[in-house]
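Sequential numbering from 1 applies to the sequence shown in full-length UniProt numbering. Here the structure is laid out as C-alpha cells; the discussion comes afterwards.
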Amino acid sequence: MKAALYEGVNHSAPLLKVTDLPVPIATNGDAVVKILASRVVSYAKDVLDGTRPFPNLLPMVPGTGGVGIIQSVAPGAIHIKPGQMVFINSAVRSRDHPVTPEGMVQGLLAFGRSKELQRAEEMLVPLENLTVIPESVQAKFDPAELTSISNYAVSFGGLYPNLRPGQTVVITGSTGVFGSSAVAVALALGARCVIASGRNKKQLDEFATLYGPRVVPVVTTGDVAKDTAAFVKAAGEGFDIDVSFDILPPQAGFGAVKSSILALRAGGTALLMGGVNSSVEIPYSVIMNKGLTIKGVFMSDRAGPTTIIGLAEAGLLDLHHRQEPKIFKLDEINDAVEWSSNHSSAFDATIVIP
C-alpha cells in the first residue's frame, strides 16, 4: 500500500516520504481500514518539523483518524464487518488497565509508556476505535465532511456531561478549528448561551451571524479584569456562567482562561482541553471560596463519535463545511501539511484522500 512515512526531523528534505509499505494484517481485536478521507490537523507541521516536539516511536505513518471502509476484521468481532463505512477515533488507549490506561493519539503523539502502542499501529485500528456510520448519515454527508466528526468529538469529550441544557458556557479559543467545533457542540447540547471568545473579531462576528443570538462574541484584550467583566456581562442580566471550556493552543497565554475561571458562578466547572504545556498560576482563593471544579479532559471516550453522528443525523449538528475544504491527494501530503499550517481558522479544513 502507499503511505506517507515520517522518520524524524530532517530539515533538508520533505517532512514526509510517500512510499510503499506492506498491507497490514488484522490481528486480535483489530481491523484493517481503507481510508477514504483524513484530516490534517493545523499543527501537524509543528510536530513534524520539531517545533512542537511530541514523543513518538519512529518511524510512523502520521494521520489522526479519518473515514474509511472495513477491509478485514480479526476473529472475535461481532458488530464490525467488511464493507462497512466507519469513523476512526484516533484516541487509542491500552486495554490492560481498567482504571488508568495509557493513552495516545494514533499517528500523532504518544506519552510515556503509551509509545508501546505504536509498535502495532501500521494503519491497523483497534475495534473499539471504530464507529459504524449509518447509511442515513452517509446519504447526508460525504466522507470528507464526515471527517469533521473528529473535531466535534474532541469538544464533546470535554463538554459532556459537564454542560447541561439551559446553561451558559464561555469558550476560550473559539476561533480555532477545535474551538469553533466546541461552539457548535455546545449549541447542539442545548446551551442557553455560548460566549465565544478570542482575538479575531471578524470570525467571532461570523459565529453570531451563523448561529444567531445564542452565541455572544467577546473579543479578549489580555487584561484579566476587563475580560472577566466582559464574560460576566455577556452572560446576560440575571444569568450566571456555569461552565468555562478552554481549548487554546500552546502559544496562547493563560490570561483568557484565568478570566473565564474568575467569571464562573459558585459551583461552576472549568474544563481544560487546550495545549498549555507549562505551569500556570490559578486563582486559589476564588476556586476555594466558590467551590469551583477544575477538570482536565484528554480527547473523548468511545461514545463520543456515536453521539456526534446521532446529533448530525437528527439535524442538531451540521457536518457540512462552512466553506469548501481544501482537498489534497496522498502524493501531495507535504503540500497539505503546509497548507493546513497556514489555514487554521475556524472555517478551514484540510483533507487528504487516496
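Even for Gly, the Cβ is constructed at its ideal location relative to N, Cα and C.
Does the Cβ of residue i have 16 or more other Cβ atoms within 10 Å, making it buried, or fewer, making it exposed?
i           : result
Val-243     : buried
Ile-78      : exposed
Thr-19      : exposed
Leu-204     : buried
residue 362 : It is not possible to answer for residue 362, since the shown part of the chain is limited to 1 through 354.
Asn-162     : buried
Arg-199     : exposed
Glu-324     : exposed
Asn-342     : exposed
Asn-277     : exposed
Ile-247     : buried
Pro-145     : Strictly speaking, residue 145 in this sequence is Glu, with Pro absent from that position. Buried, since its Cβ has 16 or more Cβ neighbours within 10 Å.
Ile-25      : exposed
Ala-188     : buried
Pro-165     : exposed
Tyr-6       : buried
Lys-258     : buried
Pro-143     : buried
Arg-119     : Unreliable placement is indicated for Arg-119, whose pLDDT of 33 sits below 50; no coordinate value is reported for it.
Ala-13      : exposed
Lys-45      : buried
Ser-150     : buried
Asn-10      : exposed
Gly-65      : buried
Thr-209     : exposed
Ala-279     : The sequence given here has Ser at residue 279, not Ala. Exposed: under 16 other Cβ atoms inside 10 Å.
Within the continuous alpha helix (DSSP H) that includes residue i, where are the two ends?
i       : result
Asp-46  : 44-48
Met-288 : 284-290
Ala-234 : 224-234
Asp-335 : 333-342
Phe-245 : Segment 241-246 is the beta strand (DSSP E) holding Phe-245; no alpha helix (DSSP H) there.
Ile-149 : 149-159
Ala-144 : 143-146
Run through DSSP, which three-state label would residue i get?
i       : result
Val-185 : helix
Leu-124 : strand
Gln-84  : coil
Pro-305 : helix
Gln-71  : strand
Thr-209 : helix
Ser-136 : helix
Ile-171 : strand
Pro-217 : strand
Pro-354 : coil
Ile-195 : strand
Val-257 : helix
Ala-4   : strand
Leu-311 : helix
Phe-54  : coil
Leu-330 : helix
Pro-317 : Looking at the sequence provided, one finds Leu at residue 317 rather than Pro. In the structure shown, Leu-317 sits in coil (DSSP, three-state: anything other than H, G, I, E or B).
Gly-275 : coil
Gly-179 : helix
Leu-117 : Here Leu-117 scores only 36 on pLDDT, less than 50, and its place in the model should not be relied on; the value that follows carries that caveat. If DSSP states are grouped into helix, strand and coil, Leu-117 belongs with the helices.
Leu-204 : helix
Considering just the uninterrupted stretch of the beta strand (DSSP E) at residue i, what are its terminal residues?
i       : result
Ser-38  : 30-39
Leu-271 : 264-272
Thr-293 : 293-296
Val-18  : 17-20
Tell whether a beta-carbon distance below 8 Å holds between residue i and residue j.
i       : j       : result
Leu-292 : Leu-319 : no
Val-73  : Ile-133 : no
Leu-159 : Phe-231 : no
Leu-330 : Pro-354 : yes
Ala-186 : Ile-171 : yes
Ile-333 : Leu-16  : yes
Ser-38  : Gly-63  : yes
Gln-71  : Lys-34  : yes
Ala-252 : Ser-260 : no
Val-67  : Val-337 : no
Ile-88  : Leu-130 : yes
Thr-228 : Leu-272 : no
Leu-127 : Gly-50  : no
Ser-155 : Ser-181 : yes
Gly-255 : Cys-193 : no
Ala-3   : Ile-80  : no
Gly-275 : Pro-249 : yes
Asp-240 : Thr-168 : yes
Val-218 : Ala-234 : yes
Is the Cβ of residue i closer than 8 Å to any Cβ of chain D?
i       : result
Pro-325 : Among the protein chains of the structure shown there is no chain D, as only one such chain exists.
Note to self: Does the stretch 281-300 come into contact with the stretch 309-318, if we say contact requires no fewer than three beta-carbon pairs (one atom in each stretch) closer than 8 Å?
What the structure shows: no
Next item on the list: Assess, as a yes-or-no matter, whether the stretch 335-347 is touched by the stretch 166-182 under the definition of 3 or more beta carbon pairs within less than 8 Å.
Entry: yes
Check: Are the stretch 268-288 and the stretch 134-153 in contact at 8 Å, needing three or more beta carbon pairs?
Finding: no
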